[in-house]
Each structure stands twice: as structure tokens, then as C-alpha cells.
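Data first, discussion second: the structure below is written as C-alpha cells.
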Amino acid sequence: MNTSNRIGKWSVIIGIMIVLNLFFNYALSLAYKSPEYNNFCPNEQVINIPDDQNECVAQGGQWTDNGYYGKPMPVGEVVPIGYCDLQYTCRQEFEDAMKSYNRNIFIVLVVLGAVSVLAGNFFVGNEVIAGGLSLAGVLSFLVASVRYWSSANDLIRVIILAIALGLLFWIAIKKFNQRSTTNN
């Protein structure tokens, strides 16, 4: 096989891999909308910040002391007692919604990746399509894992890695064992 034919083949394989994943992710973004921060924490034009802890907590905020305990107080300055983060509760709700959203996207992308890898095995007569679909499936696993990684606990991370490793071994055994038996 000449060099330009090999480059053309790999260009199409990489193109299938990238465009299929762009398609998966764009279609998901249309079908399943991501939570928006402003739906949880509306951006109001006038904000009245509470002056004390009780009022802050009553409004769903989190009170933080000024942090001067054990430190010398600035001379001649008025040091506030603390401050209120009014968006604490709504931000926590948004982060919980995003974790759930990312988990659901992870599941869908893993399923689509698995379908891509399996579909790649049906195109044994066309090395470019088979390679493109298989690599697209692996890239889908990677994208799904990266999106969900920060939300997943340690056990889920180990399971994700074990599944990915098992899938890669399965692909290697399936693809390379077939080639070695057909080339002999």
C-alpha cells in the first residue's frame, strides 16, 4: 500500500471517529438539556446582603466568619464580623443537578460507544469503516469518562477503568487474532 493511500485511509478513519462523536454529543445536547445556573440561582438586579448569621441562613445562604481568629486585627479599620454567600444553597442544588446530568450523559455515551465498537465488528470487509467505528466507540468512552470523572466516586472510577481495559483487550483479541488466522 502506498503512502498517500495509507494517509487517506487514516484520514477517513480519524474523520469518522471525530465526526461520529461530535454527532453523539450535539444530538445529546439537543435532546437532553444541561441544567442552567440561572434557573437555580437567579441573577437579581438588587441584592440585600444579610448582616448576621441567622438572617443569612434563613435566606438559604452560608455564613463565613471573617477569618481573623488568632490573627492580629488591622489597626484603625472596621473589620466585618463575616459575610453571607446567598447563593450557597441554590449553587449546591445546581451542582447536584449537574452531577445527575453528567451521570446520565456518561451512561448514554458509554452505550453509544459500545454500539459503535460492536457495529465496527460487523464491517469486517471494510477496514476503514470498521476502524473508524471502533475508534469512535473508544473516543466516546473517553469523552464520557472525562465528563463524569470529577463527579464519580473512587469505586465508580475503578469500574470505569476496568470496563475500558476489558473492552480494549476484547478489541485487541478479536481484531488481531482474526487477522493472524486469516493471514496464515
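Counting in my numbering, the sequence shown tops out at residue 185, every number present.
Note that beta-carbon positions come from the ideal geometry of N, C-alpha and C, so glycine has one too.
Status (buried if at least 16 other CB within 10 Å, exposed otherwise) for residue i
i	result
TYR149	buried
ILE106	buried
ASN22	buried
LEU31	exposed
LEU134	buried
GLY9	exposed
LEU166	exposed
CB contact flag (residue i, residue j, <8 Å)
i	j	result
TYR84	THR65	yes
ALA153	ILE161	yes
LEU110	ILE48	no
PHE124	ALA115	no
CYS42	ARG92	yes
ILE14	VAL129	yes
LYS175	ASN122	yes
Residue i, enclosing beta strand (DSSP E) - first and last residue
i	result
GLY83	83–86
ASP66	63–66
Best match in the options for proximity to residue i [C-alpha to C-alpha]
i	options	result
ILE50	LEU140, SER12 and GLN63	GLN63
PHE25	PHE142, LEU166 and VAL129	PHE142
ASN55	ARG158, SER5 and ILE82	ILE82
LEU169	SER151, LEU156, VAL147 and LEU140	LEU140
ASN103	ASP52, ALA145 and ASP53	ALA145
TYR89	GLN46, SER101 and GLN60	GLN60
TYR33	SER101, ASP53 and GLU96	SER101
Cutoff 7 Å; reference residue i; Cβ partners in own chain excluding five residues on either side
i	result
VAL58	TRP64
ALA137	ILE17, MET18, LEU21, ASN22 and SER117
LEU113	PHE25 and SER141
ASN185	Unreliable placement is indicated for ASN185, whose pLDDT of 46 sits below 50; the coordinate value is still reported in the next sentence. None.
N-terminal and C-terminal residue of the alpha helix (DSSP H) that residue i is part of
i	result
LYS34	That residue, LYS34, is in no alpha helix (DSSP H); it is neither H nor E in DSSP.
GLU128	128–150
ALA59	54–59
PHE107	89–121
Same chain, Cβ closer than 8 Å to residue i, neighbours up to 5 away in sequence not counted
i	result
VAL147	none
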